[in-house]
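Residue numbers (our numbering): 1 to 151.
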């Protein structure tokens, strides 16, 4: 089973830098831009209020939010105001950039080095889930056949 996961991860990570930073998928680019804006807003970077969605949400408050600000959908810097793909990836990207910025300076598009492997891990997680579900299903089929009945 480990071999299947290693092969799946190898296939998924092969060519992860396929575009040398110039040909992002539109959703990928938007995730990087949203996470970059959220990071800039949380770290109170210069001109963070002019960044993408923040410019369209003038009530967003820069800096780490208080509990009241965090729970206010209009003022929270953790509200990406963009939900077609979910927001967990945006939060993961902001966290990873916060850690990486300790060691190096990154721009939002350099986050592809974190985002694409995260996507690959999610894909390998899908392989694991299919394996687990398939094993459970086949166990049920085996039990039915042993009992002499059909599923």
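In this text, a Cβ means the ideal position worked out from N, Cα and C, and glycines have one as well.
Beta-carbon spacing of residue i, residue j below 8 Å
| i | j | result |
| --- | --- | --- |
| residue 80 | residue 90 | yes |
| residue 12 | residue 123 | yes |
| residue 35 | residue 94 | yes |
| residue 115 | residue 31 | yes |
| residue 44 | residue 63 | yes |
| residue 92 | residue 70 | no |
| residue 38 | residue 131 | no |
Buried/exposed call for residue i, threshold 16 Cβ in 10 Å
| i | result |
| --- | --- |
| residue 142 | exposed |
| residue 140 | exposed |
| residue 57 | buried |
| residue 84 | exposed |
| residue 33 | buried |
First and last residue of the uninterrupted alpha helix (DSSP H) at residue i
| i | result |
| --- | --- |
| residue 74 | Note, residue 74: premise wrong, no alpha helix (DSSP H); not H, not E. |
| residue 89 | 88-100 |
| residue 26 | 26-42 |
| residue 68 | 67-70 |
Coarse secondary structure for residue i, derived from DSSP in three states
| i | result |
| --- | --- |
| residue 145 | helix |
| residue 126 | helix |
| residue 139 | helix |
| residue 108 | helix |
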